[in-house]
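Counting with this note's numbering, you get residues 47 to 375 for the letters of the sequence shown.
One structure below.
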Amino acid sequence: MEKEFLNIIQKEFPISERPFKDLAEKLGAEEEDVLNLYKRLKDEKIIRQTSAIFDTKSLGYSSSLVAFKADDIERVAEFINTHPGVSHNYERDNPFNLWFTLAVPPDSELGLEKTIKIMAQKTGVREYIILPTKKMFKISVQLDVKGEKSKKEKIKKKEKIKIELEPIHFELIKTLQEDIEPVKKPFENMVDSLNIDYDFLKREAKKLQDAGIMRRFASILYHRKAGFKANAMVVWKIPENRAEEIGQKVAEYSAVSHCYLRPVYPNWPYPLFSMIHGKSKDEVEEVVNEIAKEIEAAEYKYLYSTREFKKVRIKYFSPQFKEWEETYG
47 MEKEFLNIIQ
57 KEFPISERPF
67 KDLAEKLGAE
77 EEDVLNLYKR
87 LKDEKIIRQT
97 SAIFDTKSLG
107 YSSSLVAFKA
117 DDIERVAEFI
127 NTHPGVSHNY
137 ERDNPFNLWF
147 TLAVPPDSEL
157 GLEKTIKIMA
167 QKTGVREYII
177 LPTKKMFKIS
187 VQLDVKGEKS
197 KKEKIKKKEK
207 IKIELEPIHF
217 ELIKTLQEDI
227 EPVKKPFENM
237 VDSLNIDYDF
247 LKREAKKLQD
257 AGIMRRFASI
267 LYHRKAGFKA
277 NAMVVWKIPE
287 NRAEEIGQKV
297 AEYSAVSHCY
307 LRPVYPNWPY
317 PLFSMIHGKS
327 KDEVEEVVNE
337 IAKEIEAAEY
347 KYLYSTREFK
357 KVRIKYFSPQ
367 FKEWEETYG
């Protein structure tokens, strides 16, 4: 049951009055048993967090992947991590050795590039590259714990509906991004504090999802504890006139969780980025070799993460963004 449970909650965790009861019905189990399983997997640090996964761009934020060449990497990473818009920060085995994602809010006075410039100046980093997304082919971190997925999957483009965000939606966004408690009614405090009922919560959360503002409400796992001990950012040098076609092909591999087109520079000629997960380094490299043959890649690089400095969900519309700019801007 454990593996099936992990696969289900990575895809979608129910937003309802008694979500563990709903999950128990799917699994043919008792609510108490499912709740205890969830508690244990949290305690064992297999489940990292269960909350909403929002689309940064849809909320008006500007974001980018950034790579620094850092000499004193611990000191540089420590300062980078002070920014509330940094969600991921890793050391990778490359001369550009510090890789982080940064988002700044729509009302940022500094903006994205000036924020990065300040980070570089404050840490003494002289060389860096800014790699915003030009085209997203796939973003879906759902580790196949049971090993049931086929090697490839069709990527469905979801049609979005337009909604006008009202004050209650911003309150929902702030609260849905918090990790839920392992209790029978994890949304009870949210419903009470916002003075809404469960039907309203479920309906408005679905609206946010249909609009593409919320990608999904789900659990994310600690990859290594869940058995996925290897992950590599693989970057590909590909012809510009085949970028769309190749990007779609790479995204179809189930082991690929992220696939993007990003800018190139004289010192960085790799426009296609893919994140590939496996239970071992050999498994990752087997997938990469298969992709390389299919797309006839002339050149590509593995960027294995060697240290994790930060991995959190961004707290959107937090006052910490303004505080950071006032302190360092």
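All residues carry an ideal CB built from backbone N, CA and C; glycine is no exception.
Keep in mind that this is a model prediction, so the values were computed, not measured.
Beta carbon of residue i nearer than 9 angstroms to that of residue j
| i | j | result |
| --- | --- | --- |
| Ile-360 | Gln-223 | yes |
| Val-264 | Glu-58 | In the sequence as presented, Val is not what sits at residue 264; that position holds Ala. Yes. |
| Ile-242 | Ile-292 | no |
| Phe-367 | Pro-151 | yes |
| Ser-109 | Pro-178 | yes |
| Tyr-299 | Tyr-346 | no |
| Ile-92 | Leu-247 | no |
| Ala-166 | Phe-114 | yes |
| Asp-101 | Gly-258 | yes |
| Ser-97 | Asp-245 | no |
| Phe-363 | Lys-220 | yes |
| Met-47 | Leu-87 | no |
Through-space distance from residue j to residue i, alpha-carbon basis
| i | j | result |
| --- | --- | --- |
| Pro-141 | Ile-162 | 18 angstroms |
| Ile-119 | Glu-371 | 23 angstroms |
| Val-10 | Lys-283 | Outside the displayed span of the chain (47 to 375) sits residue 10, for which this structure offers no information. |
| Tyr-348 | Asp-139 | 8 angstroms |
| Ser-239 | Leu-218 | 11 angstroms |
| Gln-95 | Pro-285 | 39 angstroms |
| Glu-227 | Phe-355 | 25 angstroms |
| Val-229 | Arg-270 | 26 angstroms |
| Pro-130 | Glu-234 | 27 angstroms |
| Glu-124 | Lys-72 | 43 angstroms |
| Val-310 | Asn-287 | 14 angstroms |
| Thr-128 | Arg-261 | 26 angstroms |
| Lys-116 | Asn-143 | Contrary to the premise, residue 116 reads as Ala rather than Lys in this sequence. One C-alpha to the other measures close to 7 angstroms. |
| Met-279 | Ser-326 | 14 angstroms |
| Met-182 | His-215 | 26 angstroms |
| Val-333 | Lys-200 | 17 angstroms |
| Lys-392 | Gly-74 | This structure leaves residue 392 out entirely; the chain is present only between 47 and 375. |
| Ala-251 | Gly-106 | 18 angstroms |
| Glu-159 | Glu-369 | 18 angstroms |
| Lys-204 | Arg-353 | 34 angstroms |
| Ser-62 | Glu-78 | 16 angstroms |
| Lys-67 | Glu-76 | 7 angstroms |
| Glu-210 | Lys-253 | 10 angstroms |
| Asp-89 | Val-302 | 28 angstroms |
| Leu-52 | Ser-186 | 15 angstroms |
Candidates the options: closest to residue i by CA position
| i | options | result |
| --- | --- | --- |
| Ile-322 | Phe-367, Lys-295 and Ala-276 | Ala-276 |
| Thr-147 | Ser-154, Asp-153 and Tyr-136 | Tyr-136 |
| Lys-389 | Leu-52, Leu-307, Lys-356 and Glu-124 | A query on residue 389 cannot be resolved here, the shown segment of the chain reaching from 47 to 375 and no further. |
| Val-296 | Pro-309, Met-236 and Asn-335 | Asn-335 |
| Ala-289 | Phe-319, Met-260 and Ala-301 | Phe-319 |
| Trp-145 | Pro-130, Tyr-174, Ile-55 and Gly-258 | Tyr-174 |
| Lys-202 | Gln-294, Pro-365 and Lys-220 | Gln-294 |
| Tyr-350 | Val-310, Ala-251 and Val-281 | Val-281 |
| Val-122 | Ser-104, Ala-75, Arg-172 and Tyr-107 | Arg-172 |
| Arg-64 | Glu-50, Asn-53 and Val-80 | Val-80 |
| Lys-103 | Lys-180, Ala-301 and Thr-221 | Lys-180 |
| Pro-232 | Lys-85, Ile-99 and Gly-375 | Lys-85 |
| Trp-314 | Ile-176, Leu-211, Val-302 and Ser-186 | Ile-176 |
| His-304 | Phe-66, Glu-76, Leu-111 and Phe-51 | Leu-111 |
| Thr-373 | Glu-155, Lys-49, Leu-69 and Ile-99 | Glu-155 |
| Gly-405 | Ile-164, Ile-209, Gly-170 and Glu-212 | Because the chain here runs from 47 to 375, residue 405 falls outside it and cannot be looked at. |
Exposure label - residue i; buried when at least 16 CB within 10 Å
| i | result |
| --- | --- |
| Ile-126 | buried |
| Gly-157 | exposed |
| Gln-56 | buried |
| Ile-207 | exposed |
| Val-358 | exposed |
| Met-236 | buried |
| Pro-365 | exposed |
| Pro-312 | exposed |
- Residue ranges of each beta strand (DSSP E) within the stretch 166-228, 3 or longer: 174-177 and 181-185
- Query: Curious, which full-length beta strand (DSSP E) runs of at least 3 residues does the stretch 286-349 contain?
  - Reply: 302-307 and 318-324
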